[in-house]
Structure formats: structure tokens, C-alpha cells
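Residue numbers (the working numbering): 1171 to 1519. Ideal Cβ positions, reconstructed from N, Cα and C, are used throughout, including at glycine. Model, not experiment: these values are computed from the prediction. Report on the following structure.
See below:
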């Protein structure tokens, strides 16, 4: 009860004359759905940490679930990825609009980089100091000694064989014995003859390295061939023939070996001629290999061109024979192709 002795209720207002009137209920604003969803989620996931025990069984289940979610690249996924990449490459075209957009983006990027970076005096002095340090480091003997053999592969064209013995896993004592054998055979008398004999020994040692390099070149070619060949099962006769011919061509590749071998043999002959000139006091008239080397190489090139022409003729004959076999077998596709060819001939005539 209130001060007037009347019962008051919620939503009831008293007028000055003692009469009452009912007030209209206020409308509630609807809650934000996002806020309501987040509130319900927090309320649903509120867990008392004191009641949760991370047992070994739960840890094992969690590890198994992580392993199942781990991505594994299978052959099917790799094939699907390759097909998707090829489809993207086929579908993407450099249109004039795309080219104009790319040019605009490049100009924006250049303008942004220029506006962001400003060459101050301090930066200019630091840049000049760094350039001077880099040039000094490159020109130092220590830096040259560290980097001169970074790209050593076969050691055929190095200036000094002794410096690359440990990198090529060769025995320096064996090379010294090799050089002493040549000195014993040619018996040099003074420094000039010793130099000529040492160059002959070095050329023959490089030729021994050449055969190891040929094994490495052939291994690289085979590795490239195996990486390019796709796994197909079952493999038909035509694909087997193609892969077999490709393998034989790789095994018969001798151009790089022949060129380097000819240059080394010519070097040996030239040094022998130098040794004879020192001992005969004139023209030694010693020409055994160098005079005919160009003719030999030309004959090799001619024979190789003839073999390539024969391979092309064989491939054309095989295609023609396959086409004749398909024509003999017949079928809807062959009949349609014949009719199309006849219609084209009639329209042309």
C-alpha cells in the first residue's frame, strides 16, 4: 500500500483527482543476433578447468586426431594438382586490359617505393661505405681463394690440377708418380723441356678426368629422363617403343665427350711438337692428329645428320602405317573422316 492507502501495482499511475489510469508497457529493444550468439557460445563452452583432467587417454586421442588432419601428398592429389595447374595455364590469357592493369600496378609500386624511401646524406654515406667494403672483400686474396672453386664440377678446365686434387677426391702422390713416369719416358734436359713434358702429363690426367665427367653427364641425363617419364600402367607397345628410342639416343650421346677429347689430344700433340722443336732446332714436321681432326669431326657431323634424317623417315613411315591400319579397320570415326575429306575435296573443286 502507498501513502494514500491504495494498492499500487506495476504499470498503474495515480491521477491528481484520485483516479487511476493504466500506463502502456514499454517495448523492449531486440538484442543483436551476433552478440546473442557469442554470449550463448561462451556460456555453452564455459568449463570449469578444475574439473578437467588431461589424461594419457585424452592425449592419445588428441594425437590421433592431429595425425588424421595431417595433409599427405598422394599420387592422386599430385595428379589433380598438375591438372589444375595446366587448366589455369590454358585458361589464363594476357589480354590488353590485363596488360594495362599490370603496367598501372608497376607504376604504383615504383611510385610508392620512391615516395617511401628518400636518399638522405646519412644513407648515401652508409651505402658508399658498404660498397667499398664489398669491393675490398671481393678483391682480397682470401676471398678469391674461398670462392674460386665454388662451382667446380669436373675439373677439366682448371688452371692448376694440384689445387683441385682434394676437391676431386684424387691422390696427389698418384699424380706425382704419373708425372714422373712421363719425365722418365721423355727425359727432359732443361726447364723448357720439363714444362712441355709436365703439360703432356697434365693433359693426359685431364683426359682421365674426362671419362669420369662423362659418367657424371650420362647419370644426369638419365636422371632427367627418369624424372620426365610419367608412370603409366599398363604401358602399350607404342609408348614402350618411344621410351626405348629416347633411352638409346641418350646412351649414344657423345658430342660433348668427343669435342673435349679432341681438344685434349690436340694439346698433347702440340706439346710433343714443342718438345721436338726444342730438340731438332727447327720445324719438327709432326702432324698426326690435329691435321685430320676437323675432317673427322665433319664426318661425324655428316653421319649424325644422316642418322637423324633416317629416324625422321622411320617415324613418318610408322605414322603412315598406323593410319593405314586404322583405315583398314574402319569404324564410325573413320567413315566420318572420309566423308569429311570427300566433302572438302568437292567444295574445293
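(request) Count the other C-beta atoms from every protein chain shown that fall within 10 angstroms of the C-beta of residue 1441, then say buried if there are 16 or more, exposed otherwise. (result) Residue mapping note: residue 1441 aligns to position 271 of the chain shown, counting from 1. Buried, since its Cβ has 16 or more Cβ neighbours within 10 Å.
(request) Under 7 Å Cβ to Cβ from residue 1372, same chain only, skipping five residues before and after it: list those, please. (result) Taking the first residue of the chain shown as 1, we reach residue 1372 at position 202. Here the set comprises 1331.
(request) Return the residue from the list 1401, 1390, 1410, 1340 that minimises the CA-CA distance to residue 1378. (result) In the chain shown, the residue the question calls residue 1378 occupies position 208. The residue with the shortest Cα to Cα distance from residue 1378 is 1340.
(request) Please state if the CB of residue 1375 and the CB of residue 1348 are separated by a distance shorter than 8 Å. (result) Here residue 1348 refers to the residue found at position 178 when the chain shown is read from its first residue. Here residue 1375 refers to the residue found at position 205 when the chain shown is read from its first residue. A contact, by the Cβ cut-off of 8 Å.
(message) Rounding to the nearest angstrom, what Cα-Cα distance links residue 1226 and residue 1402 in this structure?
(response) The residue given as residue 1226 occupies position 56 in the chain shown. The residue given as residue 1402 occupies position 232 in the chain shown. Spanning the two alpha carbons is a distance of roughly 46 Å.
(message) Across the region 1292–1308 and the region 1347–1364, are there enough close Cβ pairs to call them in contact, namely three or more that are closer than 8 Å?
(response) no
(message) Using CA atoms only, rank isn't needed, just tell me which of 1453, 1256, 1279, 1425 is closest to residue 1380.
(response) Translated into positions along the chain shown, residue 1380 becomes position 210. For the residues 1453, 1256, 1279, 1425, the minimum Cα distance to residue 1380 belongs to 1425.
(request) Whole angstroms is fine: what's the gap from residue 1395's alpha carbon to residue 1420's? (result) Your numbering for residue 1395 matches position 225 in the chain shown. Your numbering for residue 1420 matches position 250 in the chain shown. If you take the alpha carbons of residue 1395 and residue 1420, they lie about 9 Å apart.
(message) Can you check which of these residues, 1367, 1415, 1501, 1273, is closest to residue 1438 by C-alpha distance?
(response) Numbered from its first residue, the chain shown carries residue 1438 at position 268. Taking only the C-alpha atoms, the option nearest residue 1438 is 1367.
(request) Drop a sphere of 10 angstroms on the beta-carbon of residue 1484, count the other beta-carbons inside from all chains shown, and report buried for 16 or more, exposed for fewer. (result) On the chain shown, position 314 is the one that residue 1484 refers to. That one is exposed.
(request) Could you give the DSSP three-state label for residue 1275: helix, strand or coil? (result) The residue you call residue 1275 lines up with position 105 of the chain shown. Of the three classes helix, strand and coil, the one that applies to residue 1275 here is helix, per DSSP.
(message) In the DSSP assignment, the alpha helix (DSSP H) including residue 1419 goes from what residue to what residue?
(response) Along the chain shown, one-based indexing puts residue 1419 at 249. Start and end: 1407–1421.
(request) Report buried or exposed for residue 1416, applying the criterion of at least 16 other Cβ atoms within 10 angstroms of its Cβ. (result) Your numbering for residue 1416 matches position 246 in the chain shown. That one is exposed.
(request) Quick one: residues in its chain with C-beta nearer than 7 Å to the C-beta of residue 1323, no 5 flanking neighbours on either side, listed in chain order? (result) For the purposes of this step, residue 1323 is taken as the residue at position 153 of the chain shown. Nothing meets the Cβ criterion.
(message) To the nearest angstrom, how far is the alpha carbon of residue 1382 from that of residue 1344?
(response) Here residue 1382 refers to the residue found at position 212 of the chain shown. Here residue 1344 refers to the residue found at position 174 of the chain shown. Roughly 17 Å between the two C-alpha positions.
(message) Just to confirm the assignment, what range does the alpha helix (DSSP H) spanning residue 1324 have?
(response) Residue 1324 sits at position 154 when you count from the first residue of the chain shown. No alpha helix (DSSP H) contains residue 1324, which DSSP labels as neither H nor E.
(message) Could you tell me the alpha carbon to alpha carbon distance between residue 1219 and residue 1230, rounded to whole angstroms?
(response) Along the chain shown, read from residue 1 onward, the residue named residue 1219 stands at position 49. Along the chain shown, read from residue 1 onward, the residue named residue 1230 stands at position 60. Its pLDDT being 48, under 50, residue 1219 is placed unreliably in this model, and the value from its coordinates should be taken loosely. Between residue 1219 and residue 1230, the C-alpha separation is close to 20 Å.
(message) Using a 10 Å radius around the Cβ and a threshold of 16 neighbouring Cβ atoms, would you call residue 1473 buried or exposed?
(response) Mapped onto the chain shown, residue 1473 falls at position 303. Residue 1473 comes out exposed.
(request) Under 6 Å Cβ to Cβ from residue 1444, same chain only, skipping five residues before and after it: list those, please. (result) Position 274 of the chain shown holds residue 1444. So the list reads 1366, once near-sequence residues are dropped.
(message) Quick check on DSSP: helix, strand or coil for residue 1450?
(response) Along the chain shown, one-based indexing puts residue 1450 at 280. Correct three-state label for residue 1450: helix.
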